[in-house]
Amino acid sequence: MTEQNQDIDKLQQQRQDKLAKIKQLSIDPYGSRLDDIESASAVRAKFDSTRQDQTALCAGRIVLFRDIGKLIFITLRDSSGTIQLGLSRKLLESQWDLIKLLDLGDVIGAEGTLGLTKTGELTIWTTKVIMLSKCVLQPPEKFHGLADIELRYRQRYVDLWANPEVMDRFKKRIAMVATIRNFLQAKGFFEVETPMMQSLAGGAAAKPFITHHNALDIDLYLRIAPELFLKRLLVGGMEKVFEVNRNFRNEGLSPRHNPEFTMMEIYQAYADYNIMMDLSEEMICLLVEKHCEGTTLQYGEMRIDYSRPWRRASYRDLVKEYAGCDIQDIAAIRSKAKSLGIEEAKLDDDIVVNEVFEATVEKNLINPTFVIDYPARLCPLTKRSKTNPDYAERFELYIGAMEVANAYTELNDPQVQYDNFVSQIKGSNEDENTFRNLDEDFINALKYGMPPAGGLGVGIDRLVMLLTGATSIKDVILFPLLKPEK
RNA sequence: GAGGGCGUAGCUCAGCUGGUAGAGCAACGGCCUUUUAAGCCGUUGGUCCUGGGUUCGAGUCCCAGCGCCCUCACCA
């Protein structure tokens with residue numbers, strides 16, 4: 013039985029009728045394996061206008077259809093781009109019945125001879141059309157594409173071919189992640205995978221998602237960070253490791269936040285946060301060089317200059333510069349906080365300082381800026397500065413007023429780490445609903461001795477946003493979270 | 001979670017201070033062998049997001065709900 017019913021709309025019914033007619037021609041409307049296909053861009057690249065004997069076989073979706081009677085021009089799209097097919101009745105008399113049943117949106121293969129039209133358009137003068145998949149739904153309008161934002165996210169499978177810039181952006185993301193992997197592997201980093209389901213969600217201050225394992229009858233948390241497992245690998249003797257994978261945080265959505273997002277974390281034994289700074293600068297500049305046009309990129313209203321060297325400024329100096337007060341001067345900081353409308357009275361000193369930082373400094377950090385040396389109390393997993401123990405050897409990288417990376421000289425003293433965890437748990441309040449657990453096994457690992465190390469976390473989605481000009485994180489995630497319909 | 005905006009044909013969009021639903025693309029029929037969002041002639045197509053209410057009359061006004069977007073909050 014079919015799922016067809018009276019509710020099926022007229023446009024769909026017309027296409028179903030064509031599908032039936034294709035079957036009557038003894039042709040499978042859903043095709044089969046097709047070997048030796050060339051991409052549209054590969055065919056464009058190989059075409060030699062001095063030759064008349066070149067052939068090509070392409071496969072893709074019909075996105076434009078121009079029927080001139082005994083001649084039909086089709087624009088076929090694959091992930092590499094488009095190529096024009098010329099279907100002449102003279103050449104394709106035996107297949108003309110099938111050709112008259114083709115619709116916009118159908119997936120077909122076409123084989124023929126390459127040539128140029130009068131107007132110089134590269135064309136496959138087709139000698140054989142291969143039906144690969146019938147499209148029984150009406151595709152979006154050919155010129156505007158799919159514009160409805162909600163539909164674009166819900167039906168990304170249409171968005172990707174209806175709006176070529178969407179395919180291009182995701183291809184860029186894919187290429188950038190590949191560049192990152194190659195870059196790190198060439199430096200001798202091991203790419204590893206650590207648990208996404210954890211019995212303790214640690215390594216960050218965030219609300220986790222909870223799930224349940226039936227056989228063991230235990231609750232598990234989707235990880236909020238891979239940090240504590242990657243450091244265990246340092247203890248295990250892997251000196252250089254990285255992981256690119258999803259983190260999950262049970263928080264609100266925004267143009268910069270998706271509940272699952274891709275984080276890359278890198279750990280390097282015998283290094284420190286200065287080495288991580290150099291590494292991140294080198295890596296992101298490589299991405300700009302390989303995947304972007306020029307070193308100054310437009311992002312929304314901002315023009316961001318990625319040329320090296322990037323600014324490195326201390327947290328304290330930046331607060332002085334943009335808030336006009338010294339973070340050591342708590343009275344001044346509190347009065348500044350009040351003037352910014354921050355309810356500072358019930359907050360700890362260091363939290364107030366950070367509120368002031370976020371309210372005054374962040375929005376000014378347009379060009380890549382390393383904010384270095386954070387107040388130590390904000391950094392429970394970070395080693396303190398030897399020269400001034402009030403500060404931790406930590407930096408955050410800001411680009412386009414957005415935090416894209418966070419790095420430390422990793423704390424490797426098990427006793428200090430233990431004390432930090434305990435005081436952090438004490439400091440957390442109930443309505444915060446943030447899970448803070450003491451990971452005793454992690455402390456145990458540190459007791460075996462973790463080499464001094466630098467660690468770096470990079471928000472891949474945000475980096476891709478910046479480098480592809482996407483102002484919403486949903487535009488760099490293939491299937492962003494949306495509420496289910498109805 | 002709070003505030004603001006949006007939801008009309010398969011798609012992209014009009015629709016004024018309330019008067020009975022429109023265009024382009026797509027589709028269908030016709031013409032056309034070098035088009036480029038092909039063109040020309042003709043035709044079809046609507047639970048105006050859902051449910052209430054006000055009104056002689058609601059796409060339009062009011063209330064509630066659903067979804068999306070923006071801003072804010074939590075955070076990366």
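If you count by this note's numbering, then the first sequence holds residues 13 to 498, one letter each, in order. We put the CB at the ideal spot given by N, CA and C, even for glycine. Nothing here was measured: the structure is a model prediction, and the numbers come from that model.
So the candidates are Q340, S44, I384; which of them puts its Cα closest to the Cα of I120? Here residue 120 corresponds to residue number 108 of the first sequence, with the count starting at 1. Out of Q340, S44, I384, S44 has the C-alpha closest to the C-alpha of I120.
What's the call for L149, buried or exposed, on a 16-neighbour Cβ count within 10 Å? Locating residue 149 in the first sequence gives position 137, where the first residue counts as 1. So L149 ends up on the exposed side.
Rounded C-beta distance between V368 and I345? I'm assuming under 8 Å. As a position in the first sequence, residue 368 is number 356, starting the count at 1. As a position in the first sequence, residue 345 is number 333, starting the count at 1. The beta-carbon distance between V368 and I345, rounded to whole angstroms, is 6 Å. This is short enough to meet the 8 Å contact definition.
Using a Cβ distance threshold of 8 Å, determine whether the stretch 26-38 contacts the stretch 147-166, with at least three qualifying pairs required. Touching, yes.
Euclidean distance between Cα positions of F77 and V141: Along the first sequence, read from residue 1 onward, the residue named residue 77 stands at position 65. Along the first sequence, read from residue 1 onward, the residue named residue 141 stands at position 129. Using only the alpha carbons, I get a separation of about 14 Å.
In whole angstroms, what is the alpha-carbon distance linking D65 and T125? Within the first sequence, residue 65 is the residue found at index 53, counting from 1. Within the first sequence, residue 125 is the residue found at index 113, counting from 1. Approximately 7 Å between the Cα atoms of the pair.
A413 beta carbon less than 8 Å from that of Y279: Residue numbering aside, residue 279 sits at position 267 when the first sequence is read from its first letter. Residue numbering aside, residue 413 sits at position 401 when the first sequence is read from its first letter. Taking 8 Å as the Cβ cut-off, Y279 and A413 do not qualify as a contacting pair.
Where the beta strand (DSSP E) containing R324 begins and where it ends: Here the question's residue 324 lines up with position 312 in the first sequence. Counting along the chain, R324 sits inside the beta strand (DSSP E) bounded by residues 323-326.
Limits of the alpha helix (DSSP H) - the one that K3 falls within: Residue coverage of the chain in this structure runs from 13 to 498, which leaves residue 3 outside it and unanswerable.
DSSP state of T372, grouped into three classes? Along the first sequence, read from residue 1 onward, the residue named residue 372 stands at position 360. T372 falls in the helix class under three-state DSSP.
Where the beta strand (DSSP E) containing Y403 begins and where it ends: Residue mapping note: residue 403 aligns to position 391 of the first sequence, counting from 1. First-last of the beta strand (DSSP E) with Y403: 403-411.
Pairwise C-alpha distance: T372 and E313: Residue mapping note: residue 313 aligns to position 301 of the first sequence, counting from 1. Residue mapping note: residue 372 aligns to position 360 of the first sequence, counting from 1. Each residue's Cα considered, the two are about 19 Å apart.
For M459, I'd like the list of residues in its chain whose CB is within less than 8 Å of its CB, leaving aside the five on either flank, ordered along the chain. Position 447 of the first sequence, counted from the start, is the residue given in the question as residue 459. Reading the sequence as shown, one finds Lys at residue 459 and not Met. Excluding the 5 residues flanking it on each side, K459 has same chain C-beta neighbours closer than 8 Å at P426, in chain order.
What does DSSP give as the partner residue(s) for V256 in the beta ladder? Here the question's residue 256 lines up with position 244 in the first sequence. Beta-bridge pairing links V256 to M276.
Under 8 Å between C-beta atoms of K82 and R101: As a first step, residue 82 is located in the first sequence; it is residue number 70 there, counting from the start. As a first step, residue 101 is located in the first sequence; it is residue number 89 there, counting from the start. Yes. Within cutoff.
Which residues in the same chain as L240 place their Cβ atom closer than 7 Å to its Cβ, once the five residues preceding and following it in sequence are excluded? As a first step, residue 240 is located in the first sequence; it is residue number 228 there, counting from the start. So the list reads G214, G215, D451, F454, once near-sequence residues are dropped.
Looking at G471 and F254, is the spacing between their C-beta atoms short of 8 Å? Along the first sequence, one-based indexing puts residue 254 at 242. Along the first sequence, one-based indexing puts residue 471 at 459. Not a contact, by the Cβ cut-off of 8 Å.
What whole-angstrom Cβ distance do I411 and I316 have, given they're in contact under 8 Å? As a position in the first sequence, residue 411 is number 399, starting the count at 1. As a position in the first sequence, residue 316 is number 304, starting the count at 1. About 6 Å; that satisfies the 8 Å criterion.
On the three-state DSSP scale, how would you describe Q64? The sequence position of residue 64 within the first sequence is 52, counting from 1. Residue state, collapsed to three classes: coil.
DSSP on A419, reduced to helix/strand/coil? Position 407 of the first sequence, counting from 1, holds the residue named residue 419. In the structure shown, A419 falls within a strand segment according to DSSP collapsed to helix, strand and coil.
With a threshold of 6 Å on Cβ separation, who are the neighbours of S484 within its own chain once the five nearest residues in sequence on each side are excluded? Numbered from 1 along the first sequence, position 472 holds the residue referred to as residue 484. In its chain, beyond the 5 residues on either side, P267 have a beta carbon closer than 6 Å to the beta carbon of S484.
Label Q210 either buried or exposed according to how many other C-beta atoms from any shown protein chain fall within 10 Å of its C-beta, with 16 as the threshold for buried. The residue you call residue 210 lines up with position 198 of the first sequence. Buried, because 16 or more other Cβ atoms sit within 10 Å of the Cβ of Q210.
Length-filtered (4 minimum) alpha helix (DSSP H) runs lying within the stretch 318-368: Qualifying alpha helix (DSSP H) stretches, in chain order: 327-335, 342-351.
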